[in-house]
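Trainee:
2 protein chains.
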Amino acid sequence: MHPLFNYINNYATNLITEDDFKIIESYFVPKKIKKRQCLLEQGAICKQFAFIIKGAMRKYHTDQKGVEHIVNLYIENWWAGDRESFSFSTPSAYSVDAWEDCEVLLVTRESVAKLTSDFPAFNEMLLKLDERNNISTHRRITSAISGTAEQRYEDFVDCHPYFVNRFPQHIIASYLGISKDTLSRVRKKGLQK
Amino acid sequence: MHPLFNYINNYATNLITEDDFKIIESYFVPKKIKKRQCLLEQGAICKQFAFIIKGAMRKYHTDQKGVEHIVNLYIENWWAGDRESFSFSTPSAYSVDAWEDCEVLLVTRESVAKLTSDFPAFNEMLLKLDERNNISTHRRITSAISGTAEQRYEDFVDCHPYFVNRFPQHIIASYLGISKDTLSRVRKKGLQK
DNA sequence: CGATTTTTTGAATCATATCAACGTACGTGG
DNA sequence: CCACGTACGTTGATATGATTCAAAAAATCG
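Protein chains in written order, with my numbering: chain R, 252 to 444; chain P, 252 to 444.
Given below as C-alpha cells:
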C-alpha cells in the first residue's frame, strides 16, 4: 500500500478508502530531490510541504557567522518544511535540503486547505500530527534546558534511535546544540559503561 | 466582554455568538488558585486544562537531584497544563502551580471533545493554538541550540516582553536553562550598551 | 585506488556553573 | 513605625564542562 495512505489511516479514526486516496494523491506532486539539493532556501517562502517517501532530509538555520544549526531531521514518513513560512507566507529562517537522495510528495497550502475540508481523516491526521509535534518539541526543550551534553545525547538516542545510524555524528551534534568533538567524547565515554 | 469569548473569536474565522458562548462557558469550571498552589503535580495525570483569567503560572520539571527546571510560563489568556498527560492520560513529567494568585477556568478532555465537535470556532481556535505553539517552541529550540546565554536572553525579551517584569530573574534564568548568576551578569552587561 | 567525508584526540581557551557572601527590597506582625 | 524574616539580586573567586583548533586516523564512495 502507498505510504501516505497508511500514514493517514494510521492517524485517523474515520478511515479513508482507496478511492478517497486516489483523489487525495492527485493533490500531491511527486518529486525526486538529489542529495544536497534544497527544498527550501533560507529567506525564501515555503510554498510546499514535502511528505518523504524515501530518503532523509534536514532543516537548518545559518547564522550571521555562517554556521549551520540543524533544527530538524526527517526520514521516510515525515513531513519536511517550515510551518511558520508555509502558513503565513513569510520568509523562512530555515533551509531544508536532502541529506540522502529523496523521493517526496509536494503539497501546497491551498491543497492542504482543500484536503482538510474535503476529508475529515486528513484533517484529523493534521491535528494529531500537530499534537504529536507539540509534545515532542516540548520534550526536546525540557532536555535542552535541563541536561548536560551526555544526558541530551541519551535522550536523543531514546527518542530517535532511527536517526542514530542515519545521520553522521556532526549533524546530530548540531541538532543537539553541542560540538562534534564533544559528541565524540560523550559517545566514547558511553561505550565504556 | 468575557476574556474567553474574546479569545475564541480572536482565533476563529466563523465567530461565535454570545448565546453560543453561554453554552461554551457552561463546560468550564471557575477556580481560584492561591500562589504556590498546584494545578498539577508531577507524576499525576493532567485531568484538566486551565484558561487563565487572572494571574500567572509556571510549569516545571523536578529532576533526580531535586532541581526545578521551568519549562513554561503563563499569564492571562494562556492555557496551562501538560498536553501529553492530558491527551493520553499518562503520568505527567511536570508540575504546574500558581506564581501569583490566579483565577482560572478548568476544562476536561471530555468537555474539549464536545466543544470541538459542537462549535467549529472552538475547533478552529484549538488548531490555530497548536499551530502557534508549534511555531513558538520551534523558535525556542532554535535559540536554545544555537545561542549563547546573552543571545538567548535577548531572544526571550524580544518574544516575551510581558514576562520580563512579571517573573523574577531566577525563574526566567531557569526557563532559559542558565543559572540566575549568569543571567544577572548578562543583564548587567546589556545595560551598559 | 585516491578523494572526500567523518571521527577521534590532545592542548589551550572560553563560557557558564557553582558556591558563598553580601546587599537590597518587600511584607508582616509586633 | 520599626524590626524582622524571607525572597530576590548581585558579585567575586573558583571549578568545570564544553568549545575551539589543528592534526591525524578512520571510514566511505566513486
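For every residue, glycine included, the Cβ atom is placed at its ideal position computed from N, Cα and C.
What are the start and end residues of each continuous beta strand (DSSP E) run of 3 or more residues lying completely inside the stretch 343-415 of chain R, in chain order?
Mentor: Here the runs fully enclosed are 346-349 and 353-359.
Trainee: Can you confirm whether Val322 (chain R), when its beta carbon is compared against all beta carbons of chain P, has any partner nearer than 8 Å?
Mentor: For this step, residue 322 (chain R) is matched to residue 71 along the first sequence. Closer than 8 Å to some Cβ of chain P, the Cβ of Val322 (chain R) qualifies, so yes.
Trainee: Which residues, in chain order, does the stretch 322-344 of chain P contribute to contact with chain R at a C-beta distance below 8 Å?
Mentor: Going along the stretch 322-344 of chain P in chain order, one finds Val322, Arg334, Glu335, Ser338 and Ala344 with a Cβ nearer than 8 Å to chain R.
Trainee: Does DSSP put Gln420 (chain R) in a helix, a strand or coil?
Mentor: As a position in the first sequence, residue 420 (chain R) is number 169, starting the count at 1. Of the three classes helix, strand and coil, the one that applies to Gln420 (chain R) here is helix, per DSSP.
Trainee: Taking all protein chains shown into account, do 16 or more other C-beta atoms lie within 10 angstroms of the C-beta of Met252 (chain P), making it buried, or fewer, making it exposed?
Mentor: Here residue 252 (chain P) refers to the residue found at position 1 of the second sequence. Flag for Met252 (chain P) reads exposed.
Trainee: Just how far apart, CA to CA, sit Lys316 (chain R) and Arg383 (chain P)?
Mentor: To locate residue 316 (chain R), count along the first sequence from 1; it is residue 65. To locate residue 383 (chain P), count along the second sequence from 1; it is residue 132. Whole-angstrom Cα-Cα distance: 29 Å.
Trainee: Measure the Cβ-Cβ separation of Ile392 (chain R) and Arg391 (chain P) and say whether it is below 8 Å.
Mentor: As a first step, residue 392 (chain R) is located in the first sequence; it is residue number 141 there, counting from the start. As a first step, residue 391 (chain P) is located in the second sequence; it is residue number 140 there, counting from the start. Yes, the Cβ-Cβ distance between Ile392 (chain R) and Arg391 (chain P) is below 8 Å.
Trainee: Please go through the same chain and pick out, in chain order, the residues whose beta-carbon is closer than 6 Å to the beta-carbon of Ser394 (chain P), but skip the five residues on each side of it.
Mentor: Residue 394 (chain P) sits at position 143 when you count from the first residue of the second sequence. Same-chain partners within the cutoff: Arg403 and Asp406.
Trainee: For Ile422 (chain P), tell me which candidate among P:Pro342, P:Val322, P:Met376 and P:Arg438 has the shortest Cα-Cα distance.
Mentor: Along the second sequence, one-based indexing puts residue 422 (chain P) at 171. Selected option, being the one with the closest Cα: P:Val322.
Trainee: Leaving aside the five residues before and after Glu375 (chain R) along the sequence, list all residues of the same chain whose C-beta is less than 8 Å from its C-beta, in chain order.
Mentor: Here residue 375 (chain R) refers to the residue found at position 124 when the first sequence is read from its first residue. Correct list, in chain order: Tyr262, Ala263, Thr264 and Asn265.
Trainee: Taking the Cβ atom as the reference point for each residue, do Ser340 (chain R) and Gln293 (chain R) lie within a distance shorter than 8 Å?
Mentor: On the first sequence, position 89 is the one that residue 340 (chain R) refers to. On the first sequence, position 42 is the one that residue 293 (chain R) refers to. Result no, Cβ atoms of Ser340 (chain R) and Gln293 (chain R) do not sit closer than 8 Å.
Trainee: Taking 8 Å as the CB-CB limit, is Thr433 (chain P) close to chain R?
Mentor: Counting from 1 along the second sequence, the entry for residue 433 (chain P) is found at position 182. False, the Cβ-Cβ gap to chain R never drops below 8 Å.
Trainee: Is there a Cβ from chain R that is less than 8 Å from the Cβ of Asn384 (chain P)?
Mentor: Here residue 384 (chain P) refers to the residue found at position 133 when the second sequence is read from its first residue. Cβ-Cβ to chain R under 8 Å: yes for Asn384 (chain P).
Trainee: Is Ala301 (chain P) buried or exposed, if buried means 16 or more other CB atoms sit within 10 Å of its CB?
Mentor: Position 50 of the second sequence, counted from the first residue, corresponds to residue 301 (chain P). Answer is buried; the Cβ neighbour count reaches 16.
Trainee: Quick check: the Cα distance between Leu450 (chain R) and Ser397 (chain R), rounded to an integer number of angstroms?
Mentor: The question about residue 450 (chain R) has no answer, for chain R in this structure spans 252 to 444.
Trainee: By the 10 Å Cβ neighbour count, where 16 or more other Cβ atoms means buried, how is Ser368 (chain R) classified, buried or exposed?
Mentor: Within the first sequence, residue 368 (chain R) is the residue found at index 117, counting from 1. So Ser368 (chain R) counts as exposed.
Trainee: Taking the CB atoms as reference points, tell me whether Leu377 (chain R) and Tyr278 (chain R) lie closer together than 8 Å.
Mentor: The count along the first sequence starts at 1 and reaches residue 377 (chain R) at position 126. The count along the first sequence starts at 1 and reaches residue 278 (chain R) at position 27. Contact: no.
Trainee: Given this structure, state the Cα-to-Cα distance separating Ala372 (chain P) from Asp270 (chain P), to the nearest angstrom.
Mentor: For the purposes of this step, residue 372 (chain P) is identified with residue 121 of the second sequence, where counting begins at 1. For the purposes of this step, residue 270 (chain P) is identified with residue 19 of the second sequence, where counting begins at 1. When rounded, the distance between both Cα atoms is 13 Å.
Trainee: Determine the direct distance from the alpha carbon of Gly428 (chain R) to that of Thr446 (chain P), and round the result to whole angstroms.
Mentor: There is simply no residue 446 (chain P) to check, as chain P begins at 252 and stops at 444 in what is shown.
Trainee: Apply the 10 Å Cβ neighbour rule to Ala331 (chain R) and answer buried if 16 or more other Cβ atoms are within range, or exposed otherwise.
Mentor: Position 80 of the first sequence, counting from 1, holds the residue named residue 331 (chain R). With 16 or more Cβ atoms within 10 Å of its Cβ, Ala331 (chain R) is classed as buried.
Trainee: Just tell me which of R:Ser362, R:Ser425, R:Glu335 and R:Trp350 has its CA closest to the CA of Asp381 (chain R).
Mentor: Along the first sequence, one-based indexing puts residue 381 (chain R) at 130. Nearest of R:Ser362, R:Ser425, R:Glu335 and R:Trp350 to Asp381 (chain R), Cα basis: R:Glu335.
Trainee: Could you pull out every residue in the same chain whose Cβ sits closer than 7 Å to the Cβ of Leu357 (chain P), ignoring the five residues on either side in sequence?
Mentor: Residue mapping note: residue 357 (chain P) aligns to position 106 of the second sequence, counting from 1. Excluding positions up to five away in sequence, the list reads Phe279, Val280, Lys282, Gln299 and Ala301.
Trainee: Since Glu276 (chain P) is in the alpha helix (DSSP H), which residue starts that stretch and which ends it?
Mentor: On the second sequence, residue 276 (chain P) is found 25 positions in, with the first residue counted as 1. Its alpha helix (DSSP H) spans residues Glu269 to Ser277.
Trainee: Alpha carbons only, please: which of P:Cys353, P:Val408 and P:Trp329 is nearest the one belonging to Cys289 (chain P)?
Mentor: In the second sequence, residue 289 (chain P) corresponds to position 38, counting from 1. Comparing Cα positions, the closest option is P:Cys353.
Trainee: Should Ala395 (chain P) be flagged as near chain R, meaning a C-beta pair shorter than 8 Å?
Mentor: In the second sequence, counting from the first residue as 1, residue 395 (chain P) sits at position 144. So, interface residue.
Trainee: Taking C-alpha atoms, which residue in P:Ile267, P:Arg309, P:Asn385 and P:Tyr345 lies nearest to Gln286 (chain P)?
Mentor: In the second sequence, the residue the question calls residue 286 (chain P) occupies position 35. Residue 286 (chain P) is actually Lys in this sequence, not Gln. Among P:Ile267, P:Arg309, P:Asn385 and P:Tyr345, the Cα nearest to that of Lys286 (chain P) belongs to P:Arg309.
Trainee: Of all the CB atoms in chain P, is at least one closer than 8 Å to the CB of Thr388 (chain R)?
Mentor: Counted from its first residue, the first sequence places residue 388 (chain R) at position 137. With 8 Å as the cut-off, Thr388 (chain R) counts as an interface residue toward chain P.
Trainee: Below 8 Å on C-beta distance, what does Ile392 (chain P) contact in chain R?
Mentor: The sequence position of residue 392 (chain P) within the second sequence is 141, counting from 1. Neighbours of Ile392 (chain P) on chain R, chain order: Val322, Thr388, Arg391, Ile392 and Ala395.
Trainee: Between which residues of its own chain and His320 (chain R) is the CB-CB distance below 8 Å, once the five residues before and five after are set aside?
Mentor: By 1-based counting over the first sequence, the position of residue 320 (chain R) is 69. Tyr311, His312, Thr313, Asp314, Ser425 and Gly428.
Trainee: Please list, in chain order, the chain R residues whose beta carbon lies closer than 8 Å to that of His312 (chain P).
Mentor: As a position in the second sequence, residue 312 (chain P) is number 61, starting the count at 1. Going along chain R in sequence order, the residues near His312 (chain P) (Cβ under 8 Å) are Thr393 and Ser397.
Trainee: Rounded to the nearest angstrom, what separates Val355 (chain R) and Ser430 (chain R) at their Cα positions?
Mentor: Reading the first sequence from its first residue, position 104 is the one you call residue 355 (chain R). Reading the first sequence from its first residue, position 179 is the one you call residue 430 (chain R). Each residue's alpha carbon lies about 31 Å from the other.
Trainee: Going along the chain, which residues of its own chain have a beta-carbon closer than 8 Å to the beta-carbon of Tyr258 (chain P), five neighbours each way excluded?
Mentor: Residue numbering aside, residue 258 (chain P) sits at position 7 when the second sequence is read from its first letter. Closer than 8 Å at the Cβ level, and outside the excluded window around Tyr258 (chain P), lie Phe302, Asn328 and Met376.
Trainee: Which of the three DSSP states is assigned to Thr313 (chain R) in this structure?
Mentor: Counted from its first residue, the first sequence places residue 313 (chain R) at position 62. Strand at Thr313 (chain R).
Trainee: Please confirm whether Arg417 (chain R) and Ile326 (chain R) have their CB atoms less than 8 Å apart.
Mentor: The residue you call residue 417 (chain R) lines up with position 166 of the first sequence. The residue you call residue 326 (chain R) lines up with position 75 of the first sequence. It is a contact, given that the beta carbons lie within the stated cut-off.
Trainee: Report the three-state DSSP secondary structure of Val437 (chain R) (helix, strand or coil).
Mentor: Position 186 of the first sequence holds residue 437 (chain R). Three-state DSSP puts Val437 (chain R) in a helix.
Trainee: Listing by chain order, which chain R residues have their CB less than 7 Å from the CB of Gly428 (chain P)?
Mentor: Position 177 of the second sequence, counted from the first residue, corresponds to residue 428 (chain P). Chain R residues near Gly428 (chain P): Ala395, Ile396 and Ser397.
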